[in-house]
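One structure is given here, and the rest of the page talks about it.
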Ligand code: BG6
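Numbering (our numbering), first residue to last: 75 to 567.
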């Protein structure tokens, strides 16, 4: 299904920043290459310092060449460059937004549907929208006006509400596009399709057959040079609050009433709001945190988190695991174990569903079935089932049905490319509704608070190791355990 796009102008605040350089400009070039940018579309990059036009164009060429080394179509690049202008909004220029309005009002150059992408510091989201509104640039009469807000949408529920209140002074909900870049990943979009465009999975997708679900997102990387950001954020807010909970929502939502953005988001909101609040009075049974210590990753010695930070009093987690329950008939009694970590033994994002014991148990019992959906790096679906070992005796072993969701000839689309296209299409299905953002904060806030207040030294795990043994404390029963890998046997130590 290809959706139509109105002619439009994209105004990119933070155009000289890292996200713009690495993702947004290269992504827009790729969309141009694929013929997906509307004719006459213009891109206005906005930054704080003046840059002359020639230099700006050279800069964009550079970004594109860096990203697509040796594979750039120069004719498309020339066409793409011609769409671009740069405008400096200098901090001391009180007239900056009036000037922007004057420039943009030239209809012969700028299509009058405007999308504003705020790739700026979160404290600037509200003030920029306020300035745009003051000069009449957010008002929708004949044309649409959309605002993209980068993550994070607040740092807790009160700040998310405050940001929302500030934005909605001038914008309606349908104009606000809140980013969680995971929703731009094809593998995440596939969860909904695989569940509901097949008949064989959905009948099993409930508490009658499913023992528990594990949603895992681990990285081998450490916090790198983002220590300051990370130490004010932690794994729970950085990854679980949105990326992992969105993965959970797609895995557990009911079938949407239709495939419209509203239909899909309503179904996600419903399930996010049905997640039982985590009981803070028995937090240790429901939540576990740890920090990576020095260790070895891919044969290389790496320092621990506290060393990198230069502050050994920090209790900020680089590993977070939660046990959640969803209070609805489909999921009653099924534990969801969700976890994320930096510097674990492998980088993998997956959904692993463990089925209940089979009605026939032989030779003292066999392994339970797993269904595993690989999100990244491998996009795949795997089922582990029991099968007789050929021979004279009756014994079973686990075999796997393993299929790639991505074939080598398939197009690789960066999440931001997909999201930029959705923005221009006016399709906000892959952007967060405010109720989703709020439900997610409501869930994690009490844990963030309890962990911040508990100043006892945090459990350490050596960089490059598997989950800390102590994390098992959150399992409901003794026969539940982490699945460490997507590979067959990944549920064994
Ligand atoms: C970001 C987090 O939102 O997602 C990072 O701030 C994390 O800490 C990143 O590394 C992971 O994204 P991806 O697309 O590489 O899985």
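We put the beta carbon where it would ideally sit given N, CA and C, even for glycine.
Take residue i and list the residues in its own chain whose beta-carbon comes closer than 7 Å to its own, dropping the five residues that flank it on each side.
i           : result
residue 146 : 138 and 139
residue 264 : 479
residue 380 : 365, 386 and 388
residue 301 : 382 and 383
residue 90  : 121
residue 455 : 268, 447, 477 and 479
Please state whether the Cβ-Cβ distance between residue i and residue j is less than 7 Å.
i           : j           : result
residue 84  : residue 117 : yes
residue 197 : residue 88  : no
residue 654 : residue 161 : Here the chain comprises residues numbered 75 to 567, so residue 654 is not present and cannot be evaluated.
residue 450 : residue 428 : no
residue 177 : residue 192 : no
residue 446 : residue 417 : no
residue 80  : residue 158 : no
residue 538 : residue 370 : yes
residue 415 : residue 534 : no
residue 458 : residue 472 : yes
residue 327 : residue 342 : yes
residue 422 : residue 560 : yes
residue 55  : residue 261 : The structure shown does not extend to residue 55, since the chain spans only 75 to 567, so no value can be given for it.
residue 502 : residue 251 : yes
residue 491 : residue 104 : yes
residue 180 : residue 150 : no
residue 207 : residue 82  : no
residue 397 : residue 548 : yes
residue 234 : residue 354 : no
residue 237 : residue 228 : yes
residue 230 : residue 316 : no
residue 199 : residue 223 : yes
By Cβ distance, which residues of its chain are closer than 6 Å to residue i, with the 5 residues on each side in sequence left out?
i           : result
residue 319 : 514
residue 557 : 288, 426, 564 and 565
residue 339 : 507
residue 270 : 329
residue 130 : 160
residue 290 : 413 and 424
residue 154 : 103 and 106
residue 440 : 460 and 470
Less than 8 Å between the CB atoms is what I'm expecting for residue i and residue j, so what's the real figure, rounded?
i           : j           : result
residue 173 : residue 210 : Not a contact, Cβ separation roughly 14 Å.
residue 629 : residue 115 : No answer is possible for residue 629: it lies beyond the span of the chain, which begins at 75 and ends at 567.
residue 521 : residue 357 : 7 Å
residue 122 : residue 163 : 7 Å
residue 101 : residue 488 : 6 Å
residue 504 : residue 493 : 6 Å
residue 171 : residue 205 : 4 Å
residue 286 : residue 554 : 6 Å
Using a Cβ-Cβ cutoff of less than 8 Å, which residues in the same chain neighbour residue i once the five nearest sequence positions on both sides are dropped?
i           : result
residue 351 : 516, 517 and 520
residue 526 : 389
residue 407 : 281 and 399
Can residue i be considered in contact with the ligand GTP, in the sense that its beta carbon sits closer than 6 Å to one or more heavy atoms?
i           : result
residue 386 : The ligand GTP is not part of this structure, which contains only the ligand BG6.
The segment 395–409 contacting the segment 424–434, beta-carbon criterion three pairs below 8 Å: no
Sufficient close CB pairs (3 or more, under 8 Å) joining the segment 511–529 to the segment 341–351: yes
Stretch-stretch touch, CB-based, cutoff 8 Å, three pairs: the segment 376–385 with the segment 293–305: Yes, the segment 376–385 is in contact with the segment 293–305.
The segment 350–369 contacting the segment 377–395, beta-carbon criterion three pairs below 8 Å: yes
The segment 462–469 touching the segment 322–333, judged by at least three CB pairs closer than 8 Å: no
Cβ pair count under 8 Å reaching 3, the segment 306–316 against the segment 463–483: Because the criterion of three Cβ pairs below 8 Å is not met, the segment 306–316 and the segment 463–483 do not touch.
Any 3 or more C-beta pairs closer than 8 Å across the segment 253–270 and the segment 404–419: They do not touch, by the three-pair rule.
Sufficient close CB pairs (3 or more, under 8 Å) joining the segment 239–251 to the segment 276–285: no
Three-pair Cβ contact test at 8 Å for the segment 214–230 versus the segment 106–115: no
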